[in-house]
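Trainee:
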Ligand SMILES: Cc1cc2nc3c(=O)[nH]c(=O)nc-3n(C[C@H](O)[C@H](O)[C@H](O)COP(=O)(O)OP(=O)(O)OC[C@H]3O[C@@H](n4cnc5c(N)ncnc54)[C@H](O)[C@@H]3O)c2cc1C
């Protein structure tokens with residue numbers, strides 16, 4: 001029987017597109033169904049509100065896809081150090097990649113830049129189809145594939161249907177895959193700000209009892225903020241006149257970069273942890289936020305999603321090369337085994353961190369400050385944190401390992 005696509009991916013966000021491009025570059029026919037085409041990224045536009053800290057592992061993966069150079073040259077800001085401190089007990093910790101002989105820990109990149117770069121590259125391939133607006137209406141299983149009906153009434157066949165359609169994943173819902181959701185009771189207020197002093201290539205994070213405040217370095221010396229705080233406070237911060245907001249931010253950041261002299265538009269996003277009970281079903285897999293979401297305090301969400309994409313692609317391509325079914329149960333179980341536990345571990349670690357730091361009980365404040373100071377002096381623990389920040393802990397997919405050019 002004729003199979004139209006080896007994979008149909010619902011969701012053309014960063015993760016779905018990375019997966020599609022990996023498969024298409026290996027010669028597999030793929031389709032991406034996306035509700036809305038991304039707005040074109042242009043250098044003359046101000047930096048977007050939504051940015052991500054892309055780890056070294058994600059950088060390597062995007063490099064293997066031939067997308068990293070374009071992203072880096074367009075507008076990506078590397079940072080070599082992290083300075084984190086506690087508002088209560090005076091504890092602090094510093095990580096510096098240079099001390100370990102590494103040039104940087106990660107890059108801050110606008111989500112839309114990553115997305116449109118992958119989109120552009122995919123649109124240049126003959127074996128990839130971007131269907132916009134497009135979405136799955138239903139599917140039925142046949143012996144060697146799924147028959148998929150799209151929202152426009154057309155039908156096609158595929159070996160694997162992938163849900164890369166974000167935290168509310170309609171595909172996950174339609175497949176009846178349950179997921180646990182735990183709101184953190186916080187919103188992340190984001191925007192670009194211009195402090196008095198240059199950030200010097202350092203990402204900064206202050207732990208406040210209401211939630212962490214991150215100042216992430218951008219290439220023109222400004223910073224992108226993620227200010228996690230209770231919903232009511234987030235609403236208030238969005239409403240404040242600009243001058244008052246700058247004052248509040250200067251205060252909340254303890255003037256670590258001097259006064260905040262200007263700020264761009266602000267927006268807020270609800271923060272919640274969610275995890276699908278399983279990542280797979282018959283000829284179906286979930287990747288990225290459709291499978292899991294995590295508190296942004298360690299900037300890991302899309303990095304985990306990229307590792308999902310790289311791992312699933314790796315398993316599919318290995319099967320394809322051996323003449324086996326790339327959407328079959330063996331591939332899917334291996335994918336789930338490699339990613340579900342790793343993502344769960346990261347979520348649990350972040351939750352513990354979040355609980356410890358978003359708590360103003362005096363014994364806890366003393367404990368975490370002592371912990372920060374101790375970790376700062378204890379090289380093996382610091383190396384472990386560095387490896388996490390760079391996305392280099394745990395079992396990496398081949399596409400995220402160093403490669404010889
Ligand atoms: C405040 C904040 C800060 C963050 N900072 C970081 C960070 O520093 N580092 C990091 O790694 N992560 C960070 N994250 C997380 C990161 O933004 C997400 O993990 C990432 O955007 C998820 O990408 P995705 O492609 O899985 O999903 P999405 O970006 O949600 O993409 C899903 C796509 O699916 C499409 N779609 C949805 N439904 C349908 C449908 N029915 N049919 C067709 N298409 C559909 C949508 O239009 C969208 O394009 C942060 C998150 C927040 C909220």
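In the UniProt record's numbering, the protein residues as written are 1 to 405.
Each residue gets a CB set at the ideal place from its N, CA and C atoms; glycine is no exception.
(1) Are there any heavy atoms of ligand 1 lying less than 7 Å away from the beta-carbon of residue 111, as far as the coordinates show?
(2) Using only the alpha-carbon positions, how far apart do residue 286 and residue 246 sit?
(3) From 16, 11 and 97, pick the residue whose C-alpha is nearest to that of residue 311; which is it?
(4) Run the CB neighbour count on residue 412, radius 10 Å, all protein chains shown included, and call it buried at 16 or more, exposed below.
(5) Beta strand (DSSP E) containing residue 463: first to last residue?
(6) How many Å lie between residue 327 and residue 3 at the Cα?
(7) So within the region 202-283, which uninterrupted beta strand (DSSP E) runs reach at least 3 residues, ignoring any that extend past its ends?
(8) Going straight from the alpha carbon of residue 279 to that of residue 150, what length do you get?
(9) Buried or exposed, going by whether 16 or more other CB atoms sit within 10 Å of the CB of residue 1?
(10) Name the residue from 399, 394, 398 and 376 whose alpha carbon lies nearest to the alpha carbon of residue 96.
(11) Grab me the residues of residue 254's own chain with a C-beta within less than 7 Å of its C-beta, minus the 5 sequence neighbours each way, in chain order.
(12) Quick one: using the 10 Å Cβ neighbour count with 16 as the cut-off for buried, is residue 55 buried or exposed?
(13) Run through DSSP, which three-state label would residue 312 get?
(14) Helix, strand or coil for residue 19? Go by DSSP, reduced to three states.
(15) On the premise that residue 75 lies in contact with residue 224, defined as a C-beta separation below 8 Å, what is that separation, rounded to the nearest angstrom?
(16) Mind checking who residue 61 pairs with in its DSSP beta bridge?
(17) Among residues of its own chain, excluding the 5 on either side of residue 314, which ones have a beta-carbon nearer than 7 Å to its beta-carbon?
(18) Going by alpha carbons, who is nearest to residue 189 out of 209, 196 and 235?
(19) Alpha carbon to alpha carbon, how far is residue 179 from residue 275?
(20) Would you kindly work out how many angstroms separate the C-alpha atoms of residue 243 and residue 71, rounded to a whole number?
(21) Which term fits residue 352, buried or exposed, when burial requires 16 or more other beta carbons within 10 angstroms of its beta carbon?
(22) According to DSSP, simplified to helix, strand and coil, what is residue 147?
(23) Going straight from the alpha carbon of residue 317 to that of residue 370, what length do you get?
(24) Quick one: give me the first and last residue of the alpha helix (DSSP H) that residue 123 is part of.
(25) Please indicate yes or no: does the CB of residue 33 lie closer than 7 Å to some heavy atom of ligand 1?
(26) Note down the Cα distance separating residue 6 from residue 111, rounded to an integer number of angstroms.
(27) On the criterion of 16 or more Cβ atoms from any shown chain inside 10 Å, does residue 58 qualify as buried, or is it exposed?
(28) Beta-carbon separation of residue 14 and residue 115 under 8 Å?
(29) Take every Cβ of the region 38-53, pair it with every Cβ of the region 336-352, and state whether three or more of those distances are shorter than 8 Å.
(30) Does DSSP put residue 302 in a helix, in a strand, or in coil?
(31) Could you compute how far the alpha carbon of residue 384 sits from the alpha carbon of residue 92?
(32) Use the C-beta contact count for residue 217: other C-beta atoms within 10 angstroms, 16 or more gives buried, fewer gives exposed.
(33) Does the beta-carbon of residue 307, which I'm using as the reference point, lie nearer than 7 Å to any heavy atom of ligand 1?
(34) Just to check, is the beta-carbon of residue 302 closer than 7 Å to a non-hydrogen atom of ligand 1?
(35) Which residues in the same chain as residue 390 place their Cβ atom closer than 6 Å to its Cβ, once the five residues preceding and following it in sequence are excluded?
Mentor: Straight from the coordinates:
(1) yes
(2) 40 Å
(3) 16
(4) Because residue 412 is not part of the residues shown, which for the chain are 1 to 405, the question remains open.
(5) A query on residue 463 cannot be resolved here, the shown segment of the chain reaching from 1 to 405 and no further.
(6) 12 Å
(7) 202-208, 211-217, 223-230, 260-263 and 267-276
(8) 22 Å
(9) exposed
(10) 376
(11) 206
(12) buried
(13) helix
(14) helix
(15) Not confirmed; about 12 Å, so no contact.
(16) In DSSP, residue 61 forms no bridge with anything.
(17) 397, 398 and 399
(18) 235
(19) 5 Å
(20) 33 Å
(21) exposed
(22) strand
(23) 48 Å
(24) 111-123
(25) yes
(26) 27 Å
(27) buried
(28) yes
(29) no
(30) helix
(31) 17 Å
(32) buried
(33) no
(34) yes
(35) 55, 56 and 105
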